[in-house]
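The next block holds one structure in the form of structure tokens; read it before the comments.
There are 2 protein chains.
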Amino acid sequence: MPTGNLLYAQSGGVTAVINATAAAVLQAARARKVRVLAARNGILGALREELVDASALTAAEVKGLAHTPGGAFGSCRLKLKSLAEDRAKYERLLEVFRAHDVRWFLYNGGNDSADTALKVSQLAAEYGYPLTCVGVPKTIDNDLAVTDCSPGFGSAAKYTAVSVRECALDVAAMAETSTKVFVYEAMGRHAGWLAAAAGLAGDGRDAAPHLILFPERVFDEADFLARVDAVVKRVGHCVVVASEGIRTADGRFVAEAGGRDSFGHAQLGGVAAHLAARVKDALGHKVHWALPDYLQRSARHLASRTDVEHATAVGRAAVECALAGQNAVMPVIVRDGDAPYRWHVDIAPLSRIANHEKTMPKGFIRADGYGITAAARRYLAPLVAGEAYPPYGRDGLPDYVVPRMRTVRRKLPDWNA
Amino acid sequence: MPTGNLLYAQSGGVTAVINATAAAVLQAARARKVRVLAARNGILGALREELVDASALTAAEVKGLAHTPGGAFGSCRLKLKSLAEDRAKYERLLEVFRAHDVRWFLYNGGNDSADTALKVSQLAAEYGYPLTCVGVPKTIDNDLAVTDCSPGFGSAAKYTAVSVRECALDVAAMAETSTKVFVYEAMGRHAGWLAAAAGLAGDGRDAAPHLILFPERVFDEADFLARVDAVVKRVGHCVVVASEGIRTADGRFVAEAGGRDSFGHAQLGGVAAHLAARVKDALGHKVHWALPDYLQRSARHLASRTDVEHATAVGRAAVECALAGQNAVMPVIVRDGDAPYRWHVDIAPLSRIANHEKTMPKGFIRADGYGITAAARRYLAPLVAGEAYPPYGRDGLPDYVVPRMRTVRRKLPDWNA
Chain X
1 MPTGNLLYAQ SGGVTAVINA TAAAVLQAAR ARKVRVLAAR NGILGALREE LVDASALTAA
61 EVKGLAHTPG GAFGSCRLKL KSLAEDRAKY ERLLEVFRAH DVRWFLYNGG NDSADTALKV
121 SQLAAEYGYP LTCVGVPKTI DNDLAVTDCS PGFGSAAKYT AVSVRECALD VAAMAETSTK
181 VFVYEAMGRH AGWLAAAAGL AGDGRDAAPH LILFPERVFD EADFLARVDA VVKRVGHCVV
241 VASEGIRTAD GRFVAEAGGR DSFGHAQLGG VAAHLAARVK DALGHKVHWA LPDYLQRSAR
301 HLASRTDVEH ATAVGRAAVE CALAGQNAVM PVIVRDGDAP YRWHVDIAPL SRIANHEKTM
361 PKGFIRADGY GITAAARRYL APLVAGEAYP PYGRDGLPDY VVPRMRTVRR KLPDWNA
Chain Y
1 MPTGNLLYAQ SGGVTAVINA TAAAVLQAAR ARKVRVLAAR NGILGALREE LVDASALTAA
61 EVKGLAHTPG GAFGSCRLKL KSLAEDRAKY ERLLEVFRAH DVRWFLYNGG NDSADTALKV
121 SQLAAEYGYP LTCVGVPKTI DNDLAVTDCS PGFGSAAKYT AVSVRECALD VAAMAETSTK
181 VFVYEAMGRH AGWLAAAAGL AGDGRDAAPH LILFPERVFD EADFLARVDA VVKRVGHCVV
241 VASEGIRTAD GRFVAEAGGR DSFGHAQLGG VAAHLAARVK DALGHKVHWA LPDYLQRSAR
301 HLASRTDVEH ATAVGRAAVE CALAGQNAVM PVIVRDGDAP YRWHVDIAPL SRIANHEKTM
361 PKGFIRADGY GITAAARRYL APLVAGEAYP PYGRDGLPDY VVPRMRTVRR KLPDWNA
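Each protein sequence line maps, in turn, to chains X and Y. According to UniProt numbering, the first sequence holds residues 1 to 417 in order. According to UniProt numbering, the second sequence holds residues 1 to 417 in order.
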């Protein structure tokens, strides 16, 4: 085996289980006696030469990482462009890799990160620098190609389904004299995966959520309001789950309806707030709405055990295939069966993943456009199965771990982008 | 022991554990061989003679109730006025009680319900109708007098502290290139109990939540914005927890700043959305915000074990003191020690509770107005201690139970309010 260091970095929106992947990477590398450096704030830390000695984390810190949400090493939203356009940045990366003897690069993220890892591998080949680049899947958006699902999605999906089931019981109890319509806003700018997961909260015509709004369908306000009213008349109340990404026929995001408040200040949009106001205005029903925002992707207290297992498996597999010299690849989840759920990890080329986007199958949305199908349930159910509670302290709070960061001494001059 | 039926009803905003109280009432009454009727939708069901035979619930249904959020029998927001003003309603209640041989009335709610139970007991005495009225405490607002805390609050407090700890880790990971300021909106129109509970998420100058906004303090926008900016400069990001009830110096609720959106439609307010917009406008930081709304009071999946124990104990005690003929009282939680936490149930007269409001002690808010004190931590910590997970199905969702309602045949003519 070649000597050298493995560089691990986290990218894009963090999840409840990306640190479980990080912990698996550290444990697998430790078992193989390979030193791991981690970049602070994703690829940005690599560019800035802000590296930490992740191998110096104690065993307790690594164990704690496995059940801690957020991104322990920091993540970033930074998309590198093509090799031609951003050549200086890619070359800087190679320079930093060389300076720190990085021979394996694991980038833990979504589509953009897969693209970055692929391009870095191409430039390294061009320069004859021996580097193995491996993408490690992660995103609550579940929009990564090839893999059956993305680590992070299952836990966000479980949070969504459980939260909707719970607040639906609340609304049902109060509807006679109080809130009749409740709107829950789920993340999902381009694809309605999390909104679809809310469908697991109930099944049957009168079970909540009564209406799901998908970004895959055009939002028709009049039709929506008529359906809300019909559900209220039939059931007594109506629970709506709306994707943040729904758009009207003219392509306008409903979330971007923010105007000015009564002080004259700009207001931020929000799908749930907007829909709630329309229901109140047009139908006169008392409404409430919820916007869980980052809570839905950081709720490690409600993680899916399946998701934690996926996140752990891809971390371990990433180290194995990196050390085996499998370059420009990503470990992916392959589904072998729905019920009982069976799966294994396979290795896919990054070229099949980078800049592709997995959309939700048409067959997952009910014909009327407001609910999920049996096929969607079959796909989603195993991903939210199983519990994986973090340990709690005597103070009643989860024992989340923030490891001490051991900075690696810089060897290069400052980088100015 | 006199023969007759016990009537149980749920009132006001429901909680993660009010059904645990209901289950305890049913189990205690069953042990004493007393039949329990339940009113649908609180006192409204008693007025309408919409009663169910709660004793007919199966043992499995009662057991399931104990871990199911919402209000199984339906709750209501309906405040009866004085005996003079609403005499017809109170008399109707007695008429329904007589018709169904109700000799014990347990009303499970907050201040208003304590008041209703007290007035019903007074009218019954006036008419010489043998009735024992017992209030059973419940509210996430924690504003009930006499009792050390209100069942329902501990679980909402735990939800708040855990959620803030989790999303703070998310924000910390992303702040370098993305969201720098995050605002979490906590329930609490009059008192900042839940906002205070968020303070348990971290301790120390740089730990999230960095700023808590209490309704007990006047909201000073300029001071707030300056502090947000200072925290961002010092820590790199800032997590804010805001009570929905904060007001500016002129007494105006910040939440009521809703104006018109860009379609010209009325917008609903919201403290977090408003503060986020102000931060973005005035400071230019990227912001996100969360509004958990009903999620925070229905999150049985994250209930506090202490809270579940309180909710169960007051249900059991309510039956015991009703059957012992202790009239116009409420079982309350008495704290015997902070650490280790020790408590017992005592019985207090409703007259000391009805229409009183427990405010947060001044000594619980830090001198600068933006955090909690050690005294607040000592009070709050035991209330969120311990976990009490509901059972989960193989589908990965909590096994919540919606009991079948066995309607009691009506004996009186329709009631027209």
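For each residue, glycine too, the CB sits at the ideal point set by N, CA and C.
Problem set entry | Where the alpha helix (DSSP H) through X:Arg92 begins and ends | 87 to 99
Problem set entry | Contact set between X:Asp148 and chain Y, taken where Cβ atoms lie within less than 9 Å | Residues of chain Y passing the Cβ test: none, with the nearest at roughly 17 Å.
Exercise. In chain X, what lies closer than 7 Å to Y:Gly270 by C-beta?
Worked result: Ala273
Problem set entry | Backbone CA spacing between Y:His288 and Y:Gly45 [nearest angstrom] | 42 Å
Exercise. When you compare each of Y:Leu194, Y:Cys133, Y:Glu126 to Y:Ile140 by their alpha carbons, which one comes out closest?
Worked result: Y:Leu194
Exercise. By Cβ distance below 7 Å, which residues in the same chain neighbour Y:Arg342 in space, the five residues on each side in sequence not counted?
Worked result: Asp336
Exercise. Where does Y:Asn327 sit, in a helix, a strand or coil, going by DSSP?
Worked result: coil
For this session: Work out the CA separation of Y:Gly12 and X:Glu320 for me, nearest whole Å.
Result: 57 Å
Problem set entry | Minimum C-alpha distance to X:Thr177 - residue among X:Ala324, X:Pro215, X:Gly270, X:His285 | X:His285
Exercise. Going along chain Y, which residues have a C-beta under 9 Å from X:Met405?
Worked result: Residues of chain Y passing the Cβ test: none, with the nearest at roughly 12 Å.
Problem set entry | Residues that Y:Thr116 contacts on chain X, provided the C-beta gap is smaller than 9 Å | Those do not exist, as Y:Thr116 stays about 14 Å from chain X at its closest Cβ, beyond 9 Å.
Problem set entry | DSSP three-state assignment for X:Ser155, whether helix, strand or coil | helix
Exercise. Which word fits X:Thr21, buried or exposed, when buried means at least 16 other C-beta atoms lie within 10 angstroms of its C-beta?
Worked result: buried
Exercise. For X:Pro361, does the count of other Cβ atoms within 10 angstroms reach 16, so buried, or fall short, so exposed?
Worked result: exposed
Exercise. So which residues on chain Y does X:Thr177 lean against when the C-beta distance must stay under 7 Å?
Worked result: Asn41, Leu44, Cys76, Arg77, Leu78
For this session: Look at the alpha carbon of Y:Ala124 and the alpha carbon of Y:Phe105, and state the distance between them as a whole number of angstroms.
Result: 11 Å
Exercise. Hey, is Y:Met174's beta-carbon within less than 8 Å of any beta-carbon in chain X?
Worked result: yes
Exercise. Apart from the five residues on each side of it in sequence, which residues of its chain come closer than 7 Å, Cβ to Cβ, to Y:Leu78?
Worked result: Gly42, Ile43, Leu44
Problem set entry | Uninterrupted beta strand (DSSP E) stretches inside the stretch 198 to 237 of chain X (no shorter than 3 residues) | 211 to 213
Problem set entry | Reference X:Ser75; option with closest CA among Y:Ala381, Y:Asp170, Y:Ala9, Y:Ala303 | Y:Asp170
For this session: Just the chain Y side, please: which residues come within less than 8 Å of X:Gly369 by C-beta, in chain order?
Result: By Cβ distance, chain Y contributes nothing, its closest Cβ being about 22 Å from X:Gly369, past 8 Å.
For this session: Classify X:Gly363 as buried or exposed, calling it buried when 16 or more other Cβ atoms lie within 10 Å of its own Cβ.
Result: exposed
For this session: Determine the DSSP secondary structure at Y:Thr15, reduced to helix, strand or coil.
Result: coil
Exercise. Looking at the structure shown, is X:Trp193 part of a helix, part of a strand, or coil, going by DSSP?
Worked result: helix
Exercise. Distance, Cα to Cα, X:Val223 vs Y:Arg217?
Worked result: Looking at the sequence itself, residue 223 of chain X is Asp, so the reference to Val does not match. Approximately 44 Å, taken between the alpha carbons.
Exercise. Is Y:Val102 helix, strand or coil when you go by DSSP?
Worked result: strand
Problem set entry | DSSP state of Y:Gly64 mapped onto helix, strand, coil | helix
Exercise. Among all the DSSP beta bridges, which residues are the ones paired with X:Arg40?
Worked result: Partner(s): none; X:Arg40 has no beta bridge.
Exercise. X:Gly251: buried (16+ other C-beta within 10 angstroms of its C-beta) or exposed?
Worked result: exposed
For this session: Would you list the one or two residues that DSSP bridges to Y:Trp343?
Result: Y:Arg335
For this session: Find the residues of chain X that neighbour Y:Cys238, judging by a C-beta separation of less than 9 Å, and give them in chain order.
Result: Correct list: empty, because the minimum Cβ distance to chain X is about 14 Å.
Problem set entry | Supposed close pair X:Arg300, X:Thr68 - CB separation, criterion 8 Å | 7 Å
Exercise. In whole angstroms, what separates the C-alpha of residue 472 of chain Y from that of Y:Ile347?
Worked result: Examination of residue 472 of chain Y is not possible in this model, given that chain Y is present from 1 through 417 alone.
Problem set entry | Alpha-carbon to alpha-carbon, Y:Ala255 and Y:Ala23 | 37 Å
For this session: May I ask you to report which of helix, strand or coil DSSP gives X:Tyr356?
Result: With the sequence shown as reference, residue 356 of chain X is identified as His, and Tyr is not the correct amino acid for it. It is coil, neither helix nor strand.
For this session: Name, in chain order, the residues that DSSP records as bridge partners for X:Phe253.
Result: X:Arg247
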